[in-house]
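K.L.:
These protein sequence lines are chains A and B, in that order. Quick note: the first sequence uses the numbering used here, first residue 1, plus one each step. Quick note: the second sequence uses the numbering used here, first residue 1001, plus one each step.
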Amino acid sequence: MSKIVVVTSGKGGVGKTTTSAAFATGLAMKGYKTAVIDFDVGLRNLDLIMGCERRVVYDFVNVINGEATLRQALIKDKRIENLYVLAASQTRDKDALSQEGVKKVLDDLKADGFDFIICDSPAGIEKGAHLAMFYADEALVVTNPEVSSVRDSDRILGLLSSKTHRAANDEPCIKEHLVLTRYAPHRVETGEMLSVEDVQDILAIPLLGVIPESTAVLNASNQGAPVILDNESDAGQAYDDLIERFLGNSVDFRFIDNKKKGFFGRMFGS
Amino acid sequence: MTATAPALDNPSECFVLRNRMTGIAVLDVLSNDINQLVIQLQQRLQLAPELFKQAPVALHVPAAAQPLDIAALCSALKPLALIPVAITATSDNAAQLAQQAQLGVLDIDSQKSSPTTPAAAVTAPATKVVKQPVRSGQQIVCDGDLIVLGQVGAGAEVIAAGNIHIYGALRGRAFAGAKGDESCHIFCRQLDAELVAIAGVFKVSEELDDTLRQQPSHIQLQADQLQIAALG
Ligand SMILES: Nc1ncnc2c1ncn2[C@@H]1O[C@H](COP(=O)(O)OP(=O)(O)OP(=O)(O)O)[C@@H](O)[C@H]1O
Ligand SMILES: [Mg+2]
Chain A
1 MSKIVVVTSG
11 KGGVGKTTTS
21 AAFATGLAMK
31 GYKTAVIDFD
41 VGLRNLDLIM
51 GCERRVVYDF
61 VNVINGEATL
71 RQALIKDKRI
81 ENLYVLAASQ
91 TRDKDALSQE
101 GVKKVLDDLK
111 ADGFDFIICD
121 SPAGIEKGAH
131 LAMFYADEAL
141 VVTNPEVSSV
151 RDSDRILGLL
161 SSKTHRAAND
171 EPCIKEHLVL
181 TRYAPHRVET
191 GEMLSVEDVQ
201 DILAIPLLGV
211 IPESTAVLNA
221 SNQGAPVILD
231 NESDAGQAYD
241 DLIERFLGNS
251 VDFRFIDNKK
261 KGFFGRMFGS
Chain B
1001 MTATAPALDN
1011 PSECFVLRNR
1021 MTGIAVLDVL
1031 SNDINQLVIQ
1041 LQQRLQLAPE
1051 LFKQAPVALH
1061 VPAAAQPLDI
1071 AALCSALKPL
1081 ALIPVAITAT
1091 SDNAAQLAQQ
1101 AQLGVLDIDS
1111 QKSSPTTPAA
1121 AVTAPATKVV
1131 KQPVRSGQQI
1141 VCDGDLIVLG
1151 QVGAGAEVIA
1161 AGNIHIYGAL
1171 RGRAFAGAKG
1181 DESCHIFCRQ
1191 LDAELVAIAG
1201 VFKVSEELDD
1211 TLRQQPSHIQ
1221 LQADQLQIAA
1231 LG
């Protein structure tokens, strides 16, 4: 059975595309046949993070318009077996996506035997975000530890439970997962950022992962290699933990305490 | 009173101005015998004439009650002080009926009718139980009492003609007694509201007593003042 997972947030720039790329890559590394689709028509970002921007011939909109077959448009990853990217169009506007078109592409991917189909949502609550979530079975709600991001995620959770195919057909609810990104424990301690507990208290959905603020993310995107491939990095390891939990394994949370203790802290264990 | 507070000075008007859906009754039409329907309806309305006086009603017409002379039904309802305004979207041939009756089509849930109900039943305001958290941007409106099992998030709104019970945190806005009933109450497990109102009398977050914040609370109206007390 294929599973459609939307990566969504409401607020922009919180780490949806970074998360989509790492998540899809990690699932494929574990042997699952995975496709990741860029729904951010007009801004096309995912292919850069995935490092396949120079191999894009056809995109999502071409497939929807019947100008290319799905097979022609799916870009096979060069590093990881079983991983495919469907890029967004940079030249069209977001109205180029239609609900029937999206459904057809998702159905074709299912028929092709994909285990996971990851939908990288654009920011906002407009058409693109709506279509990215519409057919989802599960959702990664990406949130930064700050009030406005949490508020937007709450809004998105409301839409997930009311404005989706499952909601419209009285099917079981979309399974919601909280992904807290750009987490900086020392800034939580000084009160500049909300804590994991604060965010969980407000959103009241299960926590799937906490990704630390990390320079590895920027390096990864500059190299066009999803950060999960950098298994030395904190962010890479945090994404790996997240995927384990998603697959049903229980893994302790890391990178959520302020470990950088001073000399006396280390000496006396305080 | 801050600029963000809605105009609630006239409680019976405030939601109409904002075009809210409070106070729409749904008339389930279960038979196409208009005479019989009117007789039964008259009997029903006599029980509580005030409740539906000049009340806007949406007509729900399932296939079983068709063919139906919808225009004749609408004329028959007017002497009863019921004002047909729409056909529910869930009716069979909703668009066609709406056109014949020159009404709108309204997308609201009609009460499912059980086989034992009489030929006509005006659905009474009932208690509504919301099991999901009410999220930012969502609005729950109910004609009776409202019970929310989870939280009401910041940026969310719950509105009830009756009482409001929230078994989680109240971080958004809650309006009880939205049709003017001053005897309504609001209860919540954790008070952190943006605004609370009963029968149009309201307090915004700024005006809440800090000692009551985050506490289980009970809000009621006494001598035109909102009284907020810790629960238990
Ligand atoms: N864990 C992290 N640590 C440091 N920087 C991060 C982290 N996650 C994301 N970023 C940075 O934040 C910026 C936005 O990330 P990304 O493009 O993934 O967000 P997005 O939610 O997809 O944005 P948009 O809403 O524009 O689609 C990028 O510059 C990225 O490098
Ligand atoms: Mg993005």
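Glycine residues also receive a C-beta, built at the ideal position from the N, C-alpha and C atoms. Every value quoted in this text rests on a predicted model; they were computed, and no experiment measured them.
#1: On a CA-only basis, which of B:L1146, B:D1181, B:A1223, B:E1207 is nearest A1174 (chain B)? Give me that one, please.
#2: By Cβ distance, which residues of its chain are closer than 6 Å to Q46 (chain A), with the 5 residues on each side in sequence left out?
#3: Can you give me the Cβ contacts of R266 (chain A) inside the same chain, cut-off strictly under 6 Å, excluding the 5 residues immediately before and after it?
#4: Excluding the 5 residues preceding and the 5 following I256 (chain A) in the sequence, name in chain order all residues of the same chain whose CB lies nearer than 7 Å to its CB.
#5: Residues in the segment 1089 to 1103 of chain B with C-beta within 8 Å of chain A's C-beta atoms, listed in sequence order?
#6: Taking all protein chains shown into account, do 16 or more other C-beta atoms lie within 10 angstroms of the C-beta of M1 (chain A), making it buried, or fewer, making it exposed?
#7: May I have the straight-line CA-CA distance separating D1069 (chain B) from Q1102 (chain B), to the nearest angstrom?
#8: Taking Cβ positions, are G15 (chain A) and V141 (chain A) nearer each other than 9 Å?
#9: So what does DSSP say about A1176 (chain B), is it helix, strand or coil?
#10: For S1136 (chain B) and chain A, any beta-carbon pair shorter than 9 Å?
#11: Please identify the residue among A:D95, A:G191, A:T181, A:E126 whose C-alpha is closest to the C-alpha of L159 (chain A).
#12: Express the C-alpha separation of H1060 (chain B) and S1091 (chain B) in angstroms, rounding to a whole number.
#13: With 9 Å set as the bound, which would you pick, yes or no: does the beta-carbon of L178 (chain A) sit closer than that to a beta-carbon of chain B?
#14: According to DSSP, simplified to helix, strand and coil, what is A1072 (chain B)?
#15: State the DSSP-derived secondary structure class of T69 (chain A), mapped to helix, strand or coil.
#16: I need the DSSP call for S2 (chain A), collapsed to helix, strand or coil.
#17: Given that G158 (chain A) touches chain B, what residues does it touch there, using C-beta distances under 7 Å?
#18: Using 8 Å for Cβ pairs, my map puts S98 (chain A) next to I64 (chain A). What's the rounded Cβ distance?
#19: For V1016 (chain B), name the three-state secondary structure that DSSP assigns.
#20: Give the residues of chain B in contact with S161 (chain A), contact being defined as C-beta atoms less than 8 Å apart.
#21: Which of the three DSSP states is assigned to L1101 (chain B) in this structure?
#22: According to the Cβ coordinates, are V56 (chain A) and V41 (chain A) closer than 9 Å?
#23: Can we count D40 (chain A) as close to ligand 1, meaning its CB is less than 8 Å from some heavy atom?
#24: CA-CA distance, V179 (chain A) and L194 (chain A)?
#25: Skipping 5 residues on each side, what residues in its chain have a beta carbon closer than 7 Å to that of S1183 (chain B)?
P.N.:
In brief:
#1: B:L1146
#2: Here residue 46 (chain A) is Leu; the residue named in the question, Gln, does not match the sequence. Same-chain partners within the cutoff: T17, D38, D120.
#3: Confidence at R266 (chain A) is low in this model, with a pLDDT of 45, below 50, so its placement is unreliable and the value that follows should be read with caution. Excluding sequence neighbours, R266 (chain A) sits near nothing in its chain.
#4: Y183, P185, V196, V210
#5: Going along the segment 1089 to 1103 of chain B in chain order, one finds no residue with a Cβ nearer than 8 Å to chain A.
#6: exposed
#7: 13 Å
#8: no
#9: strand
#10: yes
#11: A:E126
#12: Cα to Cα, the separation comes out at about 5 Å.
#13: no
#14: helix
#15: coil
#16: coil
#17: R1135, S1136, G1137, Q1138
#18: 6 Å
#19: Note that V1016 (chain B) scores a pLDDT of 26, beneath 50, so its modelled location is shaky; the value from the coordinates is reported in the next line. In the structure shown, V1016 (chain B) sits in a helix (DSSP, three-state: H, G or I).
#20: Q1132, R1135
#21: Contrary to the premise, residue 1101 (chain B) reads as Ala rather than Leu in this sequence. Correct three-state label for A1101 (chain B): helix.
#22: no
#23: Of the heavy atoms belonging to ligand 1, at least one sits nearer than 8 Å to the Cβ of D40 (chain A).
#24: If I take the Cα positions, the gap works out to 14 Å.
#25: none
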